[in-house]
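When we follow UniProt numbering, the leftmost residue of the sequence shown carries the number 1, and every step to the right adds one.
Where a beta carbon is used, it is the ideal one built from N, C-alpha and C, also for glycine.
All remarks here apply to the structure that follows.
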Amino acid sequence: MQNRKSIGQRESSGRTGEERKIRRTRYARRGKRAEIRGIVKSKIRKTALLLIVCASSALLWACSGSAELPEEIQQQLGLEDAGQQAADPVTQIPENSGDSAGYQQESLGQEELDQRYYYSLLDEESRQIYRELVQGIREGREVIVTHGSDPETVNNICTWVFMDYPEFFWCSGTVETTSYTGVSSYCEVRPEYTCTSGERETRRQQIEDAANQCLSGLPADGSTYEKIRYLYTWLVEQTEYAADSTDNQNIYSVFVNHRSVCAGYSRAFQYLADQAGIFTIYVTGTVNQGQSHAWNIVNCDGAYYNVDVTFGDPIFIQSEEMETGTGAGQNRTYYDYLCVSDGEFYRNHTPDASLSLPACTSDALGYYRMIGRYFEQVSESEMLALMQQDIERMDSWSDFKYSSEETYRQAIALLPQVMDQAATYLCSYYNLAQTTYQYSQDPETLRISVYWSYPFR
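This is how it looks when you write it as structure tokens:
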């Protein structure tokens, strides 16, 4: 997000008769699996080989869409097959621009790079290309000249850049890469920008203002966990899940439009966590029946945890009461996917197969453990006592989360009689003639919630 800078003059080789090989790759976001076509054209002793490959990071709709990459890119990125439309594979071959001496200058600080997870996984040669891409995109370059002669490799590195840099909201994620090989080898990368430089600056300021408003509320002396929970809650409360929202693959949709899908939620969380000094990873994968999805991994006090902000939105609560819109619990934030271990999280989440991710093995920060509502065995008297405690505090709900499917089933069997006793207690405690209550049960998270009504409130 720095101002545009000029790079050094590019020098043309002037070798019009020199044999060069040109490969162009279109890195597209939408479409079917790409077809690879080779075309050989001859012109004045110059042989040009054109290779068109469509590749892309998946468009992520949080359980309401799918996207697809070519097999060769999927194998390297781990992105699942999902039916994208290829760009036109036949385009005009450009003349050699002779820009081999004009590599993008880069000056990224180590502190910044230390926060970029996918950068840390690259070898040194790929890291150089990564830094050149970051600098060029930050400056809004129409053409970024990088080291490396393989366009697929450069496009893969572009994917890591976009996954590490949520602040690059002005990029659609589509790039066109042309490689030149011969005496000197390099690639020209043309990112697709979604707004002008002036619009970018206006939007950047809007995003910063909204982010600063959020960050000003961070608990000053709070633990890392408390800060993570605060960011999670803020995003759920400020954002409406909407599959038809504009700019929903970037953070502008969250901070300014307040309507987004999983990609927007997850990138916004990554952006805020970065600003708060919390190490965060952006992850893509699938949920449930294979729908494309995105979430995060955080490092909290030396341990890694999964975080899915999108699923904190009550729109995703899977119960009859919630689905029909007649139940309670639609105006709360759900913490089932806050700081969760792989063992629990992977019941319905699957990261893209080739992503190299840190293991999330700790259950210590599970939300319901933290508030004393996680149970490894079922006790009718304990359930009733906790419901009565919540009623006395006029809490709107009582949550119970269980460690296994067996204890969950046992709790469901006891629930009707315990709720009746608790409802009787509510009437007695507040001197009411009658009251109503509702409940929801979620077999994926093994959580039961009972919702209380206080007619005098």
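*Same chain, Cβ closer than 6 Å to Ser179, neighbours up to 5 away in sequence not counted*: Residue mapping note: residue 179 aligns to position 179 of the sequence shown, counting from 1. Excluding sequence neighbours, Ser179 sits near Arg23, Ser149, Pro151 and Cys187.
*Cβ atoms of Ser245 and Val256: under 8 Å apart, would you say?*
Taking the first residue of the sequence shown as 1, we reach residue 256 at position 256. Taking the first residue of the sequence shown as 1, we reach residue 245 at position 245. No, they are not a contact pair.
*Phe269 by DSSP, collapsed to three states: which one?*
For this step, residue 269 is matched to residue 269 along the sequence shown. If DSSP states are grouped into helix, strand and coil, Phe269 belongs with the helices.
*Buried or exposed for Asn212, please, with buried defined as at least 16 other CB atoms from any protein chain shown within 10 angstroms of its CB.*
Numbered from its first residue, the sequence shown carries residue 212 at position 212. With a threshold of 16 other beta carbon atoms within 10 Å, Asn212 falls short and is exposed.
*Looking only at its own chain, which residues have a Cβ that is under 8 Å from the Cβ of Cys427, when we skip the five neighbours before and after it?*
Counted from its first residue, the sequence shown places residue 427 at position 427. Counting only Cβ-Cβ distances below 8 Å, and skipping sequence neighbours, we find Ala433, Gln434 and Thr435.
*Check the C-beta distance from Leu365 over to Lys401 and give it rounded, since I have them as a contact under 8 Å.*
Against the sequence shown, residue 365 aligns to sequence position 365. Against the sequence shown, residue 401 aligns to sequence position 401. Their Cβ separation, rounded to whole angstroms, is 14 Å, which puts Leu365 and Lys401 out of contact at 8 Å.
*Under a Cβ-count criterion, where at least 16 other Cβ atoms within 10 Å of its own Cβ denotes burial, should Thr174 be classed as buried or exposed?*
Here residue 174 corresponds to residue number 174 of the sequence shown, with the count starting at 1. By the 10 Å Cβ count, Thr174 comes out buried.
*asked:* At a threshold of 7 Å, does Val154 count as lining the ligand PLP (C-beta to nearest heavy atom)?
replied: What this structure holds is no ligand at all, so the ligand PLP is not there to describe.
*Coarse secondary structure for Pro443, derived from DSSP in three states*: Translated into positions along the sequence shown, residue 443 becomes position 443. It is coil, neither helix nor strand.
*With DSSP as the reference, please indicate the residues paired to Gly285 in a beta bridge.*
Locating residue 285 in the sequence shown gives position 285, where the first residue counts as 1. Gly285 pairs with His293 and Pro351.
_Length of the line joining the Cα atoms of Leu235 and Lys227_ = Locating residue 235 in the sequence shown gives position 235, counting from the first residue. Locating residue 227 in the sequence shown gives position 227, counting from the first residue. Each residue's Cα considered, the two are about 12 Å apart.
*Would you please verify whether the beta carbon of Cys262 is less than 8 Å from any beta carbon of chain B?*
The displayed structure is made up of one protein chain only, and chain B is not part of it.
*At what residues does the alpha helix (DSSP H) containing Ala413 begin and finish?*
Residue mapping note: residue 413 aligns to position 413 of the sequence shown, counting from 1. For Ala413, the enclosing alpha helix (DSSP H) stretches over residues Glu405 to Tyr429.
*For the candidate residues Tyr334, Val378 and Glu201, whose alpha-carbon lies nearest to that of Glu405?*
Sequence index remark: in the sequence shown, residue 405 carries index 405 (1-based). The candidate whose alpha carbon is nearest that of Glu405 is Val378.
*Range of the contiguous beta strand (DSSP E) that encloses Ser172*: Start at 1 with the first residue of the sequence shown, and residue 172 comes out as number 172. Segment Cys171 to Thr181, the beta strand (DSSP E) holding Ser172.
*How would you call Ala359, buried or exposed, if buried means at least 16 neighbouring beta carbons within 10 angstroms?*
In the sequence shown, the residue the question calls residue 359 occupies position 359. Exposed.
_Per-residue DSSP class, three states only, for Gln377_ = Taking the first residue of the sequence shown as 1, we reach residue 377 at position 377. In the structure shown, Gln377 sits in coil (DSSP, three-state: anything other than H, G, I, E or B).
*So the beta strand (DSSP E) Arg190 belongs to, where does it begin and stop?*
Taking the sequence shown and counting its residues from 1, one reaches residue 190 at position 190. First-last of the beta strand (DSSP E) with Arg190: Tyr186 to Tyr193.
*Element boundaries [alpha helix (DSSP H), containing Thr153]*: For the purposes of this step, residue 153 is identified with residue 153 of the sequence shown, where counting begins at 1. Pro151 to Asp164 is the extent of the alpha helix (DSSP H) around Thr153.
*asked:* Closest to Tyr334 by C-alpha separation, out of Met163, Tyr346 and Gly312, would be which residue?
replied: Position 334 of the sequence shown, counting from 1, holds the residue named residue 334. Nearest of Met163, Tyr346 and Gly312 to Tyr334, Cα basis: Gly312.
_Reference Asp164; option with closest CA among Pro416, Cys339, His293 and Val134_ = The residue labelled residue 164 in the question sits at position 164 within the sequence shown. With distances taken between Cα atoms, Asp164 lies closest to Val134.
*How many Å lie between Trp170 and Thr194 at the Cα?*
Within the sequence shown, residue 170 is the residue found at index 170, counting from 1. Within the sequence shown, residue 194 is the residue found at index 194, counting from 1. Approximately 5 Å between the Cα atoms of the pair.
*asked:* Can you tell me whether Ser449 is helix, strand or coil according to DSSP?
replied: The residue given as residue 449 occupies position 449 in the sequence shown. In the structure shown, Ser449 sits in a strand (DSSP, three-state: E or B).
*Where Ala276 and Glu380 are concerned, what is the direct C-alpha to C-alpha distance, given to the nearest angstrom?*
Locating residue 276 in the sequence shown gives position 276, where the first residue counts as 1. Locating residue 380 in the sequence shown gives position 380, where the first residue counts as 1. Near 42 Å, if we compare the C-alpha coordinates of Glu380 and Ala276.
_Best match in Val309, Asn299 and Met370 for proximity to Ala361 [C-alpha to C-alpha]_ = Within the sequence shown, residue 361 is the residue found at index 361, counting from 1. In the sequence as displayed, the identity of residue 361 is Thr instead of Ala. Closest option to Thr361, Cα to Cα, is Asn299.
*Beta-carbon proximity of Ile448 to Tyr454, cut-off 8 Å*: The sequence position of residue 448 within the sequence shown is 448, counting from 1. The sequence position of residue 454 within the sequence shown is 454, counting from 1. Ile448 is not a Cβ neighbour of Tyr454, given a cutoff of 8 Å.
*Where does Asp399 land, buried or exposed, given buried means 16+ other C-beta within 10 angstroms?*
Taking the sequence shown and counting its residues from 1, one reaches residue 399 at position 399. It is buried - the Cβ of Asp399 has at least 16 other Cβ atoms within 10 Å.
_Considering just the uninterrupted stretch of the beta strand (DSSP E) at Thr146, what are its terminal residues?_
On the sequence shown, residue 146 is found 146 positions in, with the first residue counted as 1. Annotation: the continuous beta strand (DSSP E) that includes Thr146 extends over Ile144 to Thr146.
_At the level of alpha carbons, what is the spacing between Phe162 and Ser403?_
Locating residue 162 in the sequence shown gives position 162, counting from the first residue. Locating residue 403 in the sequence shown gives position 403, counting from the first residue. One C-alpha to the other measures close to 37 Å.
*Going by Cα to Cα distance, which pick from Ala303, Pro351, Arg203 and Glu237 is closest to Ile315?*
Residue 315 sits at position 315 when you count from the first residue of the sequence shown. The residue with the shortest Cα to Cα distance from Ile315 is Glu237.
*Check whether the Cβ atoms of Ala294 and Ser253 lie closer than 8 Å to each other.*
Residue mapping note: residue 294 aligns to position 294 of the sequence shown, counting from 1. Residue mapping note: residue 253 aligns to position 253 of the sequence shown, counting from 1. Their beta carbons are not under 8 Å apart, which means Ala294 does not touch Ser253 by this criterion.
*For my contact list, Gly136 and Ile129 are in at a C-beta cut-off of 8 Å; report their separation, rounded to the angstrom.*
The residue labelled residue 136 in the question sits at position 136 within the sequence shown. The residue labelled residue 129 in the question sits at position 129 within the sequence shown. Their Cβ separation, rounded to whole angstroms, is 11 Å, which puts Gly136 and Ile129 out of contact at 8 Å.
_Continuous alpha helix (DSSP H) stretch holding Phe255: start and end_ = Numbered from 1 along the sequence shown, position 255 holds the residue referred to as residue 255. Looking at the DSSP string, Phe255 is not in any alpha helix (DSSP H), and its letter there is neither H nor E.
*Can you name the start and end residues of the alpha helix (DSSP H) that Ser107 belongs to?*
Translated into the one-based positions of the sequence shown, residue 107 becomes position 107. Judged by DSSP secondary structure, Ser107 falls outside any alpha helix (DSSP H); it is assigned neither H nor E.
*Please classify Gly343: is it buried, with 16 or more other beta-carbons within 10 angstroms of its beta-carbon, or exposed?*
Taking the first residue of the sequence shown as 1, we reach residue 343 at position 343. Exposed, because fewer than 16 other Cβ atoms sit within 10 Å of the Cβ of Gly343.
*Can you give the Cα-Cα distance for Thr407 and Val309, rounded to whole angstroms?*
Reading the sequence shown from its first residue, position 407 is the one you call residue 407. Reading the sequence shown from its first residue, position 309 is the one you call residue 309. Their Cα atoms are separated by approximately 27 Å.
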